[in-house]
Amino acid sequence: MKYFTYIAFCTIIVIFGCTNNSNPSIGVLPESTFVAYFADSLILQETRRIVGMDSAVWNNKVDSVRSFHKCSIEEIESSHVFFRGNISRWDSLFSKVITRLEALQHSYIIKKEKTNQIK
Numbered sequence: 111m112k113y114f115t116y117i118a119f120c121t122i123i124v125i126f127g128c129t130n131n132s133n134p135s136i137g138v139l140p141e142s143t144f145v146a147y148f149a150d151s152l153i154l155q156e157t158r159r160i161v162g163m164d165s166a167v168w169n170n171k172v173d174s175v176r177s178f179h180k181c182s183i184e185e186i187e188s189s190h191v192f193f194r195g196n197i198s199r200w201d202s203l204f205s206k207v208i209t210r211l212e213a214l215q216h217s218y219i220i221k222k223e224k225t226n227q228i229k
């Protein structure tokens, strides 16, 4: 199962890496928005792997994440092209995504501990 997630993630990176049809008139998302979207999409991918969502539910969840962050598919693709265009920018983006995921995990643990204390 770990290999499936790894292969799926690498496939997504390769797909975005091989497409260069970015329209310059489409704006690049602000870095904070893209970091939040990227982190949430990784969480969603892991949730799909664990829960085993069907494609209709998956598509609805992906649309919900995009809607929550108020971004279009074109803006996301344009942002991928922009950030991967410079290795230091791409590395910085991943560092910020990791930091965000760790912060979300920490806040989840604290919330869970508070809930357990109330019981």
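So for the sequence shown, our numbering puts the first residue at 111; every next one is plus one. Built from N, CA and C at the ideal position, the CB exists for glycine as well.
Could you have a look at Asn196 and say whether DSSP puts it in helix, strand or coil?
-> coil
Endpoints, alpha helix (DSSP H) assigned at Ser165 = Ser165 to Phe178
Phe144 versus Leu203: straight-line alpha-carbon distance, rounded | 9 Å
Backbone CA spacing between Trp200 and Glu141 [nearest angstrom] = 11 Å
Which residues in the same chain as Lys222 place their Cβ atom closer than 6 Å to its Cβ, once the five residues preceding and following it in sequence are excluded?
-> none
Using a Cβ-Cβ cut-off of 8 Å (strictly less than) and excluding sequence neighbours within five positions of Lys206, which residues of its own chain qualify?
-> Glu141 and Val145
Is there contact here, the stretch 210 to 217 with the stretch 161 to 180, by at least three beta-carbon pairs under 8 Å?
-> no
Among Glu187, Ala213, Ser151 and Ser189, which one has its Cα closest to the Cα of Asp173?
-> Ser151
Taking buried to mean at least 16 other C-beta atoms within 10 Å of its own C-beta, is Val161 buried or exposed?
-> exposed
Simplified DSSP state of Ser142, which is helix, strand or coil = helix
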